[in-house]
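Trainee: Got a structure for you, questions after.
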Amino acid sequence: MQKIHAAITAVGGYVPDYVMTNKELETIVDTTDEWITTRTGIKERRILKGEGKGSSDLAVGALEDLFRKRPELKKEDIDLLICATTTPDFQFPATANVITDKFGLVNAFGYDVNAACSGFLFALNTGAQFIETGRYKKVIVVGVDKMSSILNYEDRTTCIIFGDGGGCVLLEPNTEDLGIIDSVLKSDGAGRAHLHQKAGGSVKPATVETVMNREHFVYQEGQTVFKFAVKNMADVAAQIMERNGLTSDNVAWLVPHQANKRIIAATSERMGLPESKVMLNIERYGNTTNGTLPLCLWEYEKQLHKGDNIVLAAFGGGFTWGATYIKWAYDTK
Ligand code: UT7
61 MQKIHAAITA
71 VGGYVPDYVM
81 TNKELETIVD
91 TTDEWITTRT
101 GIKERRILKG
111 EGKGSSDLAV
121 GALEDLFRKR
131 PELKKEDIDL
141 LICATTTPDF
151 QFPATANVIT
161 DKFGLVNAFG
171 YDVNAACSGF
181 LFALNTGAQF
191 IETGRYKKVI
201 VVGVDKMSSI
211 LNYEDRTTCI
221 IFGDGGGCVL
231 LEPNTEDLGI
241 IDSVLKSDGA
251 GRAHLHQKAG
261 GSVKPATVET
271 VMNREHFVYQ
281 EGQTVFKFAV
291 KNMADVAAQI
301 MERNGLTSDN
311 VAWLVPHQAN
321 KRIIAATSER
331 MGLPESKVML
341 NIERYGNTTN
351 GTLPLCLWEY
361 EKQLHKGDNI
371 VLAAFGGGFT
381 WGATYIKWAY
391 DTK
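Next comes the structure, spelled out in structure tokens:
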């Protein structure tokens, strides 16, 4: 029997309208457009405005986009929706459940995956297992974050980095050896000290003090995270290339997590890839956490061809990191 691979067969993306430029940030914290651009590569990011709007609303935008492109797809045919997010709508229930309800995926079950910035990669591999067993035919994986909801706009070291947005992919069975071929996924909980949110969980529930002390925001020791990210993202990317016989010539694209342009450059250099083979959106969207990888696929979809070798790589809080090798399954008309 031929092996069933899980192939991405459609992509959707969504970013909110509001553009927060580096110039605007100059009026909020002690920073400059020049510092942000040279240290991170970011020029602007999108912010979701509006009372009562959460990550699920960004996800619904991405799903609407995906279904627009695949008019024959029926909402009732979706079996499962996995949502990778670090900024869920609520502590519970899962944002996946909110999304399936808002979008009308009446037959889909859903749950969330939290692996910080590597969440989409982890969720993609989780979703792939349901397809590879032959048990399910249509799985949607969402990567989405409303990072502005956990940013301290008095902390110039974190608020300049992140933005809001997200995307989604449809996974379907493929028996032509196209789709998700291999992955290296890693985590090391010792890294949690360097990138986390201090309060709001069961260890430190919300109190007046935790709010006053601004403990519900992203806490990051930037330099330490930077060092781990550079080494680990490049290591797993090199590993996935080596064990699959991939070279700088036969890899069509690197799809890297968009945390810092310098981290991306270190990974692509280690893989021997020129910048022309590296997907980038950090300049316009900043670090959208779980949103970066699907948003890259969304924007570059038309440049992808059936049979292309592409490598996705990510690093994030936890620490979590990984790389996935995909043989792209379709041409976009
Ligand atoms: O996506 C999840 C994983 N996250 C990452 O991968 C992020 C990894 N880290 C980074 O990308 C970088 O460490 C940052 C972008 C967060 C910071 O860049 P850096 O080059 O590591 O800067 P730094 O923390 O070493 O700070 C250098 C200087 C400091 O000033 P002094 O001590 O040299 O006087 C900072 O206070 O830059 C200062 N600084 C700023 N100056 C202007 C820090 N933030 C800013 C700012 N504007 N926004």
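Our numbering applies: residue 61 is where the sequence shown begins, and numbers increase by one. Every residue gets a Cβ at the ideal spot worked out from N, C-alpha and C, and that includes glycine. What you are looking at is a predicted structure, and each value in this text was computed from that prediction instead of being measured.
Report the partner residues of L245 according to the DSSP bridge assignment.
Mentor: As a working mapping, residue 245 is identified with position 185 in the sequence shown. DSSP lists G382 as partners of L245.
Trainee: Got a sec? Which residues, its chain only, sit under 6 Å from G223 by beta carbon, not counting five neighbours each side?
Mentor: Position 163 of the sequence shown, counted from the start, is the residue given in the question as residue 223. If we look at G223 and ignore the five residues flanking it on each side, its Cβ neighbours are R105, R106, Y345, G346 and T348.
Trainee: According to DSSP, simplified to helix, strand and coil, what is A312?
Mentor: Here residue 312 corresponds to residue number 252 of the sequence shown, with the count starting at 1. Coil.
Trainee: With 16 other CB atoms within 10 Å as the buried threshold, where does T267 fall?
Mentor: For the purposes of this step, residue 267 is taken as the residue at position 207 of the sequence shown. T267 comes out exposed.
Trainee: Could you check the C-alpha separation between G218 and Y279 for me, to the nearest Å?
Mentor: Working through the sequence shown from its first residue, we reach residue 218 at position 158. Working through the sequence shown from its first residue, we reach residue 279 at position 219. Inspection of the sequence shows that residue 218 is occupied by Thr rather than by Gly. If I take the Cα positions, the gap works out to 8 Å.
Trainee: Taking its Cβ as the centre, do 16 or more other Cβ atoms sit within 10 Å of I88, making it buried, or is it exposed?
Mentor: Counting from one through the sequence shown, the residue named residue 88 turns up at place 28. Result: exposed.
Trainee: If H256 and G377 are in contact, beta carbons under 8 Å, what's the gap, nearest whole angstrom?
Mentor: Your numbering for residue 256 matches position 196 in the sequence shown. Your numbering for residue 377 matches position 317 in the sequence shown. So it is a contact: roughly 6 Å between Cβ atoms.
Trainee: Pick helix, strand or coil for R130, following the three-state DSSP scheme.
Mentor: Here residue 130 refers to the residue found at position 70 when the sequence shown is read from its first residue. Coil at R130, not helix or strand.
Trainee: Using DSSP with H/G/I as helix, E/B as strand and the rest coil, what is N167?
Mentor: Position 107 of the sequence shown, counting from 1, holds the residue named residue 167. In this structure, N167 counts as coil in the three-state DSSP scheme.
Trainee: Taking DSSP's pairing of strands, which residues face N369 in a bridge?
Mentor: Here residue 369 refers to the residue found at position 309 when the sequence shown is read from its first residue. According to DSSP, N369 bridges with K387.
Trainee: With a threshold of 8 Å, establish whether the CB of T218 neighbours any heavy atom of the ligand UT7.
Mentor: The sequence position of residue 218 within the sequence shown is 158, counting from 1. For the ligand UT7, at least one heavy atom lies less than 8 Å from the Cβ of T218.
Trainee: Grouping DSSP H, G and I as helix and E and B as strand, with all else coil, what is N347?
Mentor: The residue you call residue 347 lines up with position 287 of the sequence shown. In the three-state reduction of the DSSP assignment, N347 falls in the strand class.
Trainee: If I'm right that P233 touches I200 with Cβ under 8 Å, what's the distance once you round it to whole angstroms?
Mentor: Locating residue 233 in the sequence shown gives position 173, where the first residue counts as 1. Locating residue 200 in the sequence shown gives position 140, where the first residue counts as 1. Rounded, the Cβ-Cβ distance is 14 Å, inconsistent with contact.
Trainee: Please give the ranges of any beta strand (DSSP E) in the region 132 to 218, keeping only runs that are unbroken, at least 3 residues long and fully inside the region.
Mentor: 140 to 144, 169 to 173 and 199 to 206
Trainee: Specify the secondary structure class of E86 as computed by DSSP and reduced to three states.
Mentor: The residue labelled residue 86 in the question sits at position 26 within the sequence shown. In the structure shown, E86 sits in a helix (DSSP, three-state: H, G or I).
Trainee: If distances are taken between C-alpha atoms only, which option among G121, T100, D309 and T97 comes closest to L108?
Mentor: Mapped onto the sequence shown, residue 108 falls at position 48. Ranking G121, T100, D309 and T97 by CA distance to the CA of L108 puts G121 first.
Trainee: Within 8 Å, do at least three Cβ pairs link the region 336 to 343 to the region 307 to 325?
Mentor: yes
Trainee: If you follow the alpha helix (DSSP H) that A294 is part of, which residue opens it and which one closes it?
Mentor: Locating residue 294 in the sequence shown gives position 234, counting from the first residue. Here the alpha helix (DSSP H) through A294 covers G282 to R303.
Trainee: In terms of residues, what are the limits of the beta strand (DSSP E) holding R252?
Mentor: Counting from 1 along the sequence shown, the entry for residue 252 is found at position 192. Careful: R252 lies outside any beta strand (DSSP E) and carries neither H nor E.
Trainee: Quick one: measure Cβ to Cβ for A374 and H317, integer angstroms, because I've assumed they're closer than 8 Å.
Mentor: Within the sequence shown, residue 374 is the residue found at index 314, counting from 1. Within the sequence shown, residue 317 is the residue found at index 257, counting from 1. Taking the Cβ atoms as the reference, A374 lies roughly 4 Å from H317, within the contact range of under 8 Å.
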